[in-house]
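J.: First the structure, then my questions, so here it is.
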Amino acid sequence: PEYISVSNLGDALGVKLNVFLRQLEDLGFEDITEESIMTGETAALVAQEYGFEPTVDSGEKVDLKPRPPPEDPSVLPPRPPVVTIMGHVDHGKTTLLDYLRKSSVAASEHGGITQHIGAFSVKLSAGKQITFLDTPGHAAFLSMRQRGANVTDIVILVVAADDSVKPQTIEALKHARAAKVPIIVAINKVDKEEARVDLVKSDLAKNGVEIEDYGGDVQTVLVSGRTGQGMQDLEESILSLSEVLDLRAEEDGMAEGWVLESSVKSIGRAATVLVKRGTLRRGDYIVAGEVFAKIRVMLSEGGVELEEAPPGTPVEILGWRDLPDAGDQVLQAPDEDKAKNAIDYRRELSERGEAVSQMAQQELERRERE
Ligand code: GDP
Ligand code: MG
């Protein structure tokens, strides 16, 4: 508040009113009563006399929060599935992603020049679309899960037909299960003479994967990232699983998403954001962690400027005041004030958190010394 009454100030400082009035006179105030009004500045000086370190409050700080989940998701428009490819090293993750990326319409429309922005969308016939994350490996998946991000809808588990199930295959399985994300197995490298598809299937079954051939519901698709064999089947499997999952999201309202990657490029601070709810537009304000952006430019993975990014769309966003971190949740703010306000709130909170953990640390050290 900019003004405060003497009685309220006395209360705030914990001094009895008659004592407070006498002490104010001692400090040089004249004709002071309990109803006298002081400016915030004067009150701050008085408070200092009482050993307080007042801070000026510039108004209430409020954080931004994601919207509550939709009451009836079944009435919302469908959204593209978000797919992560996992598997043992050298089993063909990069090769498969490269093949899929090249098959995307966006790539062929723009001379096949695509940037790596951590994700890309493959547009299929009949207006269907699949979004693939290509943030490297399991680490990104895990770090996002740790922050509560439920970014991935489907995991493609790649198993090389000439190498079968290996330690990182099992690790990937564990992650997918822990995240309750359904999998599709892509048995890769079937073009090779050494391919042993039946062995892969029985090894999968041994590891608790309930594949269709054994009466379960986990699809297995035979593919080759080298020849392209089976790649269309893989896309169809993804679409049929996403129909079962019935993925839907609001296209309106305050947008939400996640930062997949961020870096400083020649064009400025850039972050790839995967939109999960709502639609982002140029000029919108968004907050991620303790930083915000006014969206100056939105680019597709093909480097094409976009006006809109609906749910399931990965976009590279420019306009950040600082660089956000991969794994940060993105929330749209209604205006610049609300964006700044949320950031101030979060910074204060983390400073306070740091102060508390510092005190705890000192306390621990003190105890250790004793
Ligand atoms: P990652 O470590 O899982 O990303 O595996 P890569 O995509 O880097 O592939 C590892 C090696 O396997 C590379 O030499 C690829 O060329 C090769 N490779 C990947 N997919 C296939 C395939 O379908 N057939 C054959 N013959 N080789 C493949
Ligand atoms: Mg790779």
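The sequence shown maps to residues 427 to 796 in full-length UniProt numbering.
Even for Gly, the Cβ is constructed at its ideal location relative to N, Cα and C.
1. Return the CA-CA distance between P750 and A714, expressed in angstroms with no decimal places.
2. Looking at the secondary structure, which residues open and close the beta strand (DSSP E) in which T612 lies?
3. State yes or no: is the C-beta of K519 nearer than 8 Å to some heavy atom of the ligand MG?
4. What does R695 pair with, by DSSP beta-bridge criteria?
5. Within 10 angstroms of its Cβ, does S689 collect 16 or more other Cβ (buried), or is it exposed?
6. On the premise that P737 lies in contact with residue 421, defined as a C-beta separation below 8 Å, what is that separation, rounded to the nearest angstrom?
7. Between the C-alpha atoms of R773 and G779, what's the straight-line distance to the nearest angstrom?
8. According to the Cβ coordinates, are Y771 and D489 closer than 9 Å?
9. Got a sec, what are the start and stop residues for the beta strand (DSSP E) A586 sits in?
10. On a Cα-Cα basis, can you pick out the residue from E497, N614, S431 that is closest to T595?
11. Whole angstroms is fine: what's the gap from V515's alpha carbon to T557's?
12. Give the DSSP-derived three-state secondary structure of M724 in the structure shown.
13. Go to V655, then tell me how far its alpha helix (DSSP H) extends in each direction, as first and last residue.
14. Could you give the residue range of the alpha helix (DSSP H) that holds G466?
15. Under a Cβ-count criterion, where at least 16 other Cβ atoms within 10 Å of its own Cβ denotes burial, should S668 be classed as buried or exposed?
16. Measuring CB atoms only, is the region 501–513 touching the region 464–474, in the sense that at least three cross pairs come out at less than 8 Å?
17. Would you report the Cα separation of D672 and I664, rounded to the nearest angstrom?
T.: Let me spell this out:
1. About 6 Å.
2. Looking at the sequence provided, one finds Ala at residue 612 rather than Thr. A612 -> beta strand (DSSP E) spans 609–614.
3. Checking every heavy atom of the ligand MG against the Cβ of K519, one is found closer than 8 Å.
4. R695 is bridged to V690.
5. Looking at its Cβ environment, which holds fewer than 16 other Cβ atoms inside 10 Å, S689 is exposed.
6. Given a span of 427 to 796 for the chain in the structure shown, any question on residue 421 remains unanswerable.
7. Note on geometry: alpha-carbon atoms of R773 and G779 lie some 10 Å from one another.
8. Their beta carbons are under 9 Å apart, which means Y771 touches D489 by this criterion.
9. It spans 580–586 - the beta strand (DSSP E) in which A586 sits, taken as one unbroken run.
10. Nearest option by C-alpha distance: N614.
11. If you take the alpha carbons of V515 and T557, they lie about 22 Å apart.
12. It is a strand residue.
13. Note on residue identity: the sequence assigns Gln, not Val, to residue 655. Secondary structure note for Q655: it is in no alpha helix (DSSP H), with a DSSP letter that is neither H nor E.
14. In the DSSP assignment, G466 falls within the unbroken alpha helix (DSSP H) covering 466–475.
15. S668 sits buried, since 16 or more C-beta atoms from the chains shown fall within 10 Å of its C-beta.
16. Taking a cut-off of 8 Å for Cβ pairs, the region 501–513 and the region 464–474 do not touch, as fewer than three such pairs fall below it.
17. D672 and I664: Cα-Cα distance of roughly 12 Å.
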